[in-house]
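For reference, the structure discussed in these notes is given below.
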Amino acid sequence: MDAFGSSWAHLGGGGVRILLTAILAAATAAGPGHSRAVAGEATPLPPLRTDAEREAFLLEGEVVEDRAIPQGVTLPRRVTLRWGEHEHDAKIQTLDDYKTRFKTGSGLEIDFRDSWRNNVAAYRLDRLLGLGFVPVTVVREYKRQPAAWTWWVDDVLMSARERHERKVRPPHPLAWICQIQVVRLFDALIYNFDPTLENLQIDEDWQLWMIDPSRSFKVFEDLRSQKDLPARCERRLLAGLRGLDRPTLEKAMEGLLNEQQIDGLLARRDTIVRFYDDAIATRGEPAVVYELPPRVGVRPASRHYAE
Ligand SMILES: Nc1ncnc2c1ncn2[C@@H]1O[C@H](COP(=O)(O)OP(=O)(O)O)[C@@H](O)[C@H]1O
Ligand SMILES: [Mg+2]
């Protein structure tokens, strides 16, 4: 009744009747077994919200359109999938590159990795940590090649690069900074070598999405740059980091990350947790630990990774 609360008081009898009719109609449409379309009116499909639903969609959906993505570097595909009455887009990444040393535009890179495997690994790790910042991603073949299929983030307002260049002020600056801190910590954990603002998309609720973690998960046990660790850490993320263990990671990352990559990940986790434990000891927990509200439209209850 809250949503109507302010209207009740000043409405006369006719208004009350209209409101009751609206509430009844809404309840009828929402109730189980009552979702048949009225003649001439299509009943909107409930969106696929849970990780399990989106994973099933990505694994089983039929490709009805397939095109290149015009911007970017590794040229992933953008496909439209149909699954029952549901239609949605997905990104497909097939690249699987590894070089012990690789000369790139910005210098010599050691343990160069640019792989679809990292897109799946980042999604599973994100869910193990209870975050929900990486869109659902599954392993599925594309034209007989192994690949990562990632849920396309809809209602993108702009990339974080565009926001920065156009100097768009987030509606809730503090919530924005807290999200950026989560992203930067996750980047440090996965040793993301391509943590660019283009790879961060902003949806219409001003939620950040990490859409391109393919150049991550190097074997190094040290952080890429400890000084870049955010000064503060999200409470559930810190608990999730503490709880990460090798058997869980080995199971979740089978076929995606090798043993050295998992060693590196766990060693970096140790360094990160130590960093925040020291910060809590010197500055006190309230100055270091904050809480983000749950994400809108994200239900990270995956079949395999977060139950
Ligand atoms: N899951 C996604 N949801 C929405 N947009 C996406 C998604 N994946 C990629 N994009 C868009 O496609 C562009 C290129 O994809 P990306 O994975 O970053 O490839 P590249 O390796 O070429 O940078 C991104 O900058 C973004 O605009
Ligand atoms: Mg990219």
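To convert, take the position in the sequence shown, counting from 1, and add 9; that gives our numbering.
Note that the Cβ used here is the ideal one computed from N, Cα and C, for glycine as well.
This one's a predicted model, so the numbers in the text were calculated from it and none came from an experiment.
{"Item": "Just how far apart, CA to CA, sit R241 and L250?", "Value": "14 angstroms"}
{"Item": "Could you please give me the residues that DSSP links to H8 through a beta bridge?", "Value": "Past the edges of the chain, shown from 10 to 316, lies residue 8, and the structure says nothing about it."}
{"Item": "Per DSSP, W158 forms a beta bridge with which residues?", "Value": "I101 and V147"}
{"Item": "Going by DSSP, what residues sit across from S124 in a beta bridge?", "Value": "D105"}
{"Item": "Would DSSP call F111 helix, strand or coil?", "Value": "strand"}
{"Item": "Between the Cα of V192 and those of E171, V143 and R87, spot the shortest distance and give me the residue it belongs to.", "Value": "V143"}
{"Item": "Once the 5 residues before and after W158 are set aside, which same chain residues still bring their CB inside 6 angstroms of it?", "Value": "L67, A99, I101, V147 and R149"}
{"Item": "Can you give me the C-alpha to C-alpha distance between C187 and Q216, rounded to a whole angstrom?", "Value": "11 angstroms"}
{"Item": "Quick check on E64: buried or exposed, where buried means 16 or more other Cβ atoms within 10 Å of its Cβ?", "Value": "buried"}
{"Item": "At the level of alpha carbons, what is the spacing between G264 and A156?", "Value": "12 angstroms"}
{"Item": "Thinking C-alpha only, which one of E213, P182, E96 and K227 is nearest F121?", "Value": "K227"}
{"Item": "Considering only heavy atoms of ligand 2, does any lie closer than 7 angstroms to the CB of N208?", "Value": "yes"}
{"Item": "Using the rule of at least 16 other Cβ atoms within 10 Å of the residue's Cβ for burial, across every protein chain shown, is Y107 buried or exposed?", "Value": "exposed"}
{"Item": "Mind checking who Q210 pairs with in its DSSP beta bridge?", "Value": "S168 and W218"}
{"Item": "Where does L275 sit, in a helix, a strand or coil, going by DSSP?", "Value": "helix"}
{"Item": "Between which two residues does the beta strand (DSSP E) holding D60 run?", "Value": "D60 -> not in any beta strand (DSSP E); alpha helix (DSSP H) instead, spanning D60 to E69."}
{"Item": "Quick check: is any heavy atom of ligand 1 less than 7 angstroms from the C-beta of V82?", "Value": "yes"}
{"Item": "Quick check: the Cα distance between L247 and V282, rounded to an integer number of angstroms?", "Value": "7 angstroms"}
{"Item": "Taking C-beta to C-beta, are T284 and L253 nearer than 8 angstroms?", "Value": "For clarity, residue 284 is Phe in the given sequence; the question names Thr instead. No, the Cβ-Cβ distance between F284 and L253 is not below 8 angstroms."}
{"Item": "Which whole-angstrom value is the C-beta distance of D164 and D212, which I expect to be below 8 angstroms?", "Value": "5 angstroms"}
{"Item": "Using beta carbons (cut-off 8 angstroms, strictly below), is P56 in contact with chain D?", "Value": "Given the protein chain composition of this structure (a single chain), no chain D is represented."}
{"Item": "Any heavy atom of ligand 2 within a distance shorter than 7 angstroms of the CB on D196?", "Value": "no"}
{"Item": "Pick helix, strand or coil for G116, following the three-state DSSP scheme.", "Value": "strand"}
{"Item": "Taking L140 as the reference, which of Q190, G116 and T291 has the closest Cα?", "Value": "Q190"}
{"Item": "Give the straight-line distance between the Cα atoms of L194 and E174, rounded to the nearest whole angstrom.", "Value": "23 angstroms"}
{"Item": "Using CA coordinates, which residue listed in A184, L198 and P204 is at the minimum distance from S168?", "Value": "P204"}
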